[in-house]
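My numbering numbers the first residue of the sequence shown as 4 and each following residue consecutively.
Okay, so here's the structure we're looking at.
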Amino acid sequence: MSIPTEQWAQVLEKTGGNVVYKKIPVPKPGPDEVLVNIKYSGVCHTDLHAIKGDWPLDTKIPLVGGHEGAGVVVARGNLVKDVQIGDYAGIKWLNGSCLQCSFCRTANEPLCPTPDLSGYTVDGSFQQYCIGKAAHVARIPKECDLEAISPILCAGITVYKGLKESGARAGEYVAIVGAGGGLGSMAVQYARAMGLHPIAIDGGAEKEKMCKELGAVAYVDFLTSKNIVEDVKKVTPEGYGPEAVILLAVTEKPFQQAAEYVRPKGTIVCIGLPANAFFRASVFDTVTRMINIKGSYVGNRQDTAEAIEFFRRGLIKAPYKVVGLSKLQDVFDLMEAGKIAGRYVVDTSC
Ligand code: 8ID
Ligand code: ZN
4 MSIPTEQWAQ
14 VLEKTGGNVV
24 YKKIPVPKPG
34 PDEVLVNIKY
44 SGVCHTDLHA
54 IKGDWPLDTK
64 IPLVGGHEGA
74 GVVVARGNLV
84 KDVQIGDYAG
94 IKWLNGSCLQ
104 CSFCRTANEP
114 LCPTPDLSGY
124 TVDGSFQQYC
134 IGKAAHVARI
144 PKECDLEAIS
154 PILCAGITVY
164 KGLKESGARA
174 GEYVAIVGAG
184 GGLGSMAVQY
194 ARAMGLHPIA
204 IDGGAEKEKM
214 CKELGAVAYV
224 DFLTSKNIVE
234 DVKKVTPEGY
244 GPEAVILLAV
254 TEKPFQQAAE
264 YVRPKGTIVC
274 IGLPANAFFR
284 ASVFDTVTRM
294 INIKGSYVGN
304 RQDTAEAIEF
314 FRRGLIKAPY
324 KVVGLSKLQD
334 VFDLMEAGKI
344 AGRYVVDTSC
């Protein structure tokens with residue numbers, strides 16, 4: 004397999020600016036790394052937060068974003084034994100971690116204090132050739148379609164982990180807030196596959212149609228509902244609210260509402276990362292309704308393998324649209340306007 008010295012990439016040269024489609028050098032993998040020829044990459048709202056500088060964590064600059072990259076291993080360092088040239092592999096948010104701290108040792112790699120974050124602190128998958136630490140690249144079975152699996156590498160893993168963290172069990176109800184977006188459409192499908200009853204919350208008729216097709220038992224439209232709290236509660240059997248809430252929205256308001264409609268003893272899982280947002284819940288309600296509030300941050304290597312296995316078995320078929328990598332800025336513009344139902348995937352060949 005011949006590896007070129009130059010490749011096409013989308014590069015952010017200044018925080019707050021647009022991405023620039025240009026040629027850059029192909030990187031060389033270090034001893035514990037692999038070089039993945041990225042075929043497709045999903046576009047996550049995190050990539051938009053990164054280019055806007057939304058979070059209290061600086062990105063590298065210039066930056067190649069992207070952390071849902073699916074492709075083929077074309078080179079590897081001399082310490083890499085278990086990943087072969089020609090294997091399918093995925094570049095996910097956690098590009099690497101130290102593997103030695105007490106978080107990594109206990110399978111909490113996302114909490115490693117010195118992580119490499121794809122498309123944030125190291126270059127990610129909006130390029131044709133991307134480096135990943137061999138220990139962390141997702142192992143993708145050969146029978147999987149690289150285009151369809153790319154959004155699993157962040158959206159799928161993250162919502163699957165969040166649903167597990169919620170503790171909800173088969174037969175229980177889970178509100179998915181932001182169900183019409185990239186993570187949300189996956190969450191509706193994983194919830195169904197896990198035997199849960201998903202209540203989708205998002206805005207507009209297109210997202211309603213999609214959520215219902217994906218298996219949502221009800222849809223609450225935050226743009227038209229006069230009382231979201233009551234509307235969510237009334238679609239649960241006794242009207243006490245869902246046992247779990249998965250918060251994926253990119254605005255603060257829905258975080259404030261969740262504690263009001265979650266079922267007593269229920270669990271709220273925060274996953275969406277709106278800029279400068281705070282979670283505010285009544286202490287009285289939290290205590291007397293015994294509410295659990297927690298965060299969930301991507302997934303570890305085992306969560307990755309499990310989320311991919313749901314996909315391999317054909318249980319996850321969330322919708323996506325494909326455009327060329329050269330059109331990435333258009334995808335960000337649509338995302339900023341809240342106009343994407345499901346996910347966009349970029350094809351790195353055009
Ligand atoms: O590990 C993590 N915690 C993690 C991993 C990956 C992504 C966190 N995230 C974060 C992203 O950084 C982002 O902040 O999850 C959030 C959602 O990412 P996404 O699914 O990629 O974004 P999207 O496709 O734009 O979907 C967001 C949806 O929220 C809806 C929008 O209509 C959109 O469909 N939404 C909004 I904005 N306000 C809402 C509201 N009040 C709402 N839905 C319901 N109620
Ligand atoms: Zn992501």
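Just so you know, even glycine gets a beta-carbon here, dropped at the ideal spot from N, CA and C.
Contact belief for residue i with residue j at Cβ below 8 Å, rounded distance in angstroms
i: residue 77; j: residue 6; result: 6 Å
i: residue 132; j: residue 38; result: 6 Å
i: residue 139; j: residue 97; result: 6 Å
i: residue 36; j: residue 137; result: 6 Å
i: residue 40; j: residue 74; result: 5 Å
i: residue 19; j: residue 56; result: 6 Å
i: residue 262; j: residue 285; result: 7 Å
i: residue 44; j: residue 301; result: So it is not a contact: roughly 16 Å between Cβ atoms.
i: residue 62; j: residue 124; result: 7 Å
i: residue 86; j: residue 92; result: 7 Å
Enclosing alpha helix (DSSP H) for residue i [first to last residue]
i: residue 257; result: 256-264
i: residue 221; result: No alpha helix (DSSP H) holds residue 221; the beta strand (DSSP E) holding it covers 221-224.
i: residue 108; result: 105-108
i: residue 97; result: Residue 97 -> not in any alpha helix (DSSP H); beta strand (DSSP E) instead, spanning 97-99.
i: residue 193; result: 185-196
i: residue 160; result: 158-169
i: residue 309; result: 304-315
i: residue 151; result: 149-152
i: residue 233; result: 231-237
i: residue 209; result: 208-217
i: residue 49; result: 48-55
i: residue 334; result: 331-339
Counterpart residues of residue i in DSSP-defined beta bridges
i: residue 323; result: 346
i: residue 36; result: 136
i: residue 93; result: 73 and 141
i: residue 121; result: 125
i: residue 270; result: 247 and 295
i: residue 13; result: 24
i: residue 78; result: 38
i: residue 130; result: 12
i: residue 19; result: Bridge partners of residue 19: none, in fact.
i: residue 45; result: 348
Cβ-based burial, residue i [other Cβ within 10 Å; buried from 16]
i: residue 112; result: buried
i: residue 121; result: buried
i: residue 308; result: exposed
i: residue 210; result: buried
i: residue 353; result: exposed
i: residue 260; result: buried
i: residue 105; result: exposed
i: residue 9; result: exposed
i: residue 174; result: exposed
i: residue 333; result: exposed
i: residue 64; result: exposed
i: residue 126; result: buried
i: residue 303; result: buried
i: residue 204; result: buried
i: residue 31; result: exposed
i: residue 251; result: buried
i: residue 287; result: exposed
i: residue 346; result: buried
i: residue 34; result: exposed
i: residue 226; result: exposed
i: residue 89; result: exposed
i: residue 129; result: buried
Chain D within 8 Å of residue i, Cβ atoms only
i: residue 269; result: Considering every chain present, this structure includes no chain D. It has just one protein chain.
Boundaries of the beta strand (DSSP E) in which residue i is found, first to last residue
i: residue 23; result: 22-28
i: residue 66; result: Careful: residue 66 lies outside any beta strand (DSSP E) and carries neither H nor E.
i: residue 296; result: 295-298
i: residue 200; result: 200-205
i: residue 289; result: Taken as a continuous stretch (DSSP letters only), residue 289 belongs to no beta strand (DSSP E), being part of the alpha helix (DSSP H) at 286-291.
i: residue 276; result: Careful: residue 276 lies outside any beta strand (DSSP E) and carries neither H nor E.
i: residue 180; result: 176-180
Any non-hydrogen atom of ligand 4 closer than 7 Å to residue i Cβ
i: residue 151; result: Of the ligands this structure carries, namely ligand 1 and ligand 2, none is ligand 4.
- Are the region 264-273 and the region 233-252 in contact at 8 Å, needing three or more beta carbon pairs? yes
- Could you tell me whether the region 46-53 touches the region 164-176, using the rule of 3 or more Cβ pairs below 8 Å? no
- So does the region 285-298 actually touch the region 152-163, counting three or more Cβ pairs closer than 8 Å? no
- Can we say the region 8-25 touches the region 325-334, given the rule of at least three CB pairs closer than 8 Å? yes
- Message: Check whether the region 212-219 and the region 176-191 touch, using three or more Cβ-Cβ pairs below 8 Å as the test.
- Response: yes
- With a cut-off of 8 Å, do at least 3 Cβ pairs link the region 143-151 to the region 302-318? yes
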